[in-house]
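Undergrad:
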Amino acid sequence: MKIAMGCDHAAVEYKNQIRDLLRAQGHEVTDVGIEAGEKADYPDIAEKVGGLVAGGTAEKGILICGTGVGMSIAANKVNGIRAAVVSEAYSAKLCRQHNDANILCFGQRVVGIEVALELVKVFLETEHEGGRHAGRVEKIMAIEGRQE
Ligand code: RB5
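To get the working numbering, take the position in the sequence shown, counting from 1, and add 20.
1. Is the Cβ-Cβ distance between Ala2 and Leu72 less than 9 Å?
2. Closer than 5 Å from C-beta to any heavy atom of ligand 1: which residues, in chain order?
3. Say whether the stretch 133 to 151 touches the stretch 101 to 118, bearing in mind that this needs 3 or more beta-carbon pairs closer than 8 Å, one atom from each stretch.
4. Would Ala170 and Lys80 be called neighbours here (beta carbons separated by less than 9 Å)?
5. Given that a residue counts as buried once 16 or more other Cβ atoms are within 10 Å of its Cβ, and exposed if not, what is Lys56?
6. Helix, strand or coil for Val32, going by three-state DSSP, please let me know.
7. Which one of Ile38, Ile54, His148, Met21 has the shortest CA to CA distance from Thr77?
8. Tell me the residue span of the beta strand (DSSP E) that contains Glu158.
The following block contains the structure:
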């Protein structure tokens, strides 16, 4: 799968570890940064990853900051993005099945690495269920068209 990833200075360790694992598994990962020793404002990183996903360069995105909250708020400002901040596997699964989330967000200060790896695995392996959920997702996206 083509995956775009990014983090701010609060989450470089997880971003690199997860990027390397996903590449070892055969995924094509675009890493927009940042690297150790650098600093970044999470909206800048979220906009980059959001743009790659919304534009179709990447199928899914993963954004990690201290909590995942700032990344998710910022990514959801990009048209076409449905970013979900989660900290347990059930929500990682349901955000795909019900909400068709296309970006996963979480916080390096919130979840341990084993949970983080589980969130990524579940998010990437779970398909959207469609059906009764499809119309709700369409309604989410229709909100974009009603904004000034
Ligand atoms: C950076 O200190 C922190 O604010 C950021 O990583 C994130 O948690 C914001 O939501």
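The beta carbon of each residue, even a glycine, is placed where N, CA and C say it ideally should be.
TA: Considering the structure as presented:
1. The question about residue 2 has no answer, for the chain in this structure spans 21 to 168.
2. This criterion selects Asp28, Ala30, Cys85, Gly86, Thr87, Val89, Gly90.
3. Verdict: yes, contact present.
4. The shown model of the chain, from 21 to 168, leaves out residue 170, and the question about it has no answer.
5. Taking the first residue of the sequence shown as position 1, residue 56 is located at position 36. It is worth fixing the name first, because residue 56 is Ala in this sequence and not Lys. Burial call: exposed.
6. Indexing the sequence shown from 1 puts residue 32 at position 12. When secondary structure is reduced to three states using DSSP, Val32 falls in the helix class.
7. Working through the sequence shown from its first residue, we reach residue 77 at position 57. By alpha-carbon distance to Thr77, the top candidate from Ile38, Ile54, His148, Met21 is Met21.
8. Position 138 of the sequence shown holds residue 158. Where Glu158 is concerned, there is no enclosing beta strand (DSSP E), although the alpha helix (DSSP H) around it starts and stops at 152 to 165.
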